[in-house]
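1 is the number of the first residue of the sequence shown in the UniProt record's numbering; add one for each residue after it.
Structure record follows, encoded as structure tokens.
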Amino acid sequence: MNTIMLVNNPSVIVAGIFLAFILLELACSSLRQPSSGKRDVLIEVIGSGILVAITFPSVMWLSGKIMSLAVPEMKGALATIPWVAGFVLFLVLDDMTQYWWHRLTHRVPALYALHRAHHSAPYMSVRIVYRNNSFYYMLMPSIWLSGILIYLGLAHIYYVYLILKMIVIFAAHSSVAWDDKLYGIRVLRPVVWVLERTISTPSTHSAHHGLTAEDGVTHYKGNFGNLLFFWDILFGTAKITRRRPPLYGIEHLSPISWKEELFWPIVRSRRVAPKAHNAKQKVAQ
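Encoded structure:
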């Protein structure tokens, strides 16, 4: 594959980075989790497959199509702006918007039903990066906004941005605690202090996936950042402990089938409606 094809097809590079993290977890004997089962494999494989094969390309195509019908004269309108300005646009309209979307899904029960699959895994691993309900990404505003920016002529910037963002997200979800090594290097302490307040790391993001806040580390009401952890610092939802929760998963919610986690609200289980105080607990997670 030539250089032009690689530049115009970042999914190939992202897939390669994803494979590299899988190999890293295999080398560290942490890809296959003892608490994982067939249910988890189904959610992860099907959920990831739907996003990559259907949702993402559909949103990119639809956003471009809508723009071409609504404002055809705007196609490529931002193509000549400075590269840094375009990158900042993606940081704000994609990454910051995703921060608020992520935060909202932890506040609204109906939206959390689309996100709970990501948190039902009792482990951290690169496996769970795309582990979400099949409708979660279709409704994510940041993907649509990225599609609009691409229509406006910023595709060349998006490809670099996407690769950088996915490196950070894969690394933050990885079961390999690479940041622990950095904490022990005295000369790097100032750099690490800035780093962990700038991007998501295994320590800060694993706290978001912890099972219970009673462990003193878990912070599922915060640490929502994807690429930039800075949004949590800026908007007051950050918690930095440099430790990891002893357990991962969902607190206060009864287990549901893998089909419901992937295809709610199309697939619903029959159960008694929750009481008012339990509904508040659902929103908290």
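Glycine is no exception: its CB is placed at the ideal position from the N, C-alpha and C atoms.
In this text the structure is predicted, and so the values were computed from the model without any measurement.
Sequence-distant Cβ neighbours of MET60 in its own chain, meaning closer than 6 Å and more than five residues away, are GLY147. Taking C-beta separations shorter than 7 Å and ignoring five residues to either side along the sequence, the partners of TYR158 in its chain run PHE90, SER146, LEU149, ILE150, following chain order. In this structure, the beta-carbon distance from TYR248 to HIS209 falls below 9 Å. Using a Cβ distance threshold of 9 Å, THR237 and LYS221 count as a contacting pair. For the pair LEU23 and MET74, the Cα-to-Cα distance works out to about 43 Å. Ranked by how close their Cα comes to the Cα of ILE128, the residues ASP40, ILE13, TRP231, PRO10 have ASP40 in first place.
Assignment of LEU91 by DSSP, reduced to helix, strand and coil, places it in the helix class. Put simply, of ALA121, PRO246, SER257, PRO202 the residue whose alpha carbon is nearest the alpha carbon of SER174 is PRO202.
Under the criterion of beta carbons closer than 8 Å, MET140 and TRP100 do not qualify as touching, at roughly 11 Å. Between PRO245 and the set THR105, THR204, ARG268, THR55, the nearest pair of CA atoms involves THR204. GLY16 sits in a helix when the DSSP states are folded into three classes. Fewer than three pairs of CB atoms, one per stretch, sit closer than 8 Å, so the region 210–217 makes no contact with the region 228–235.
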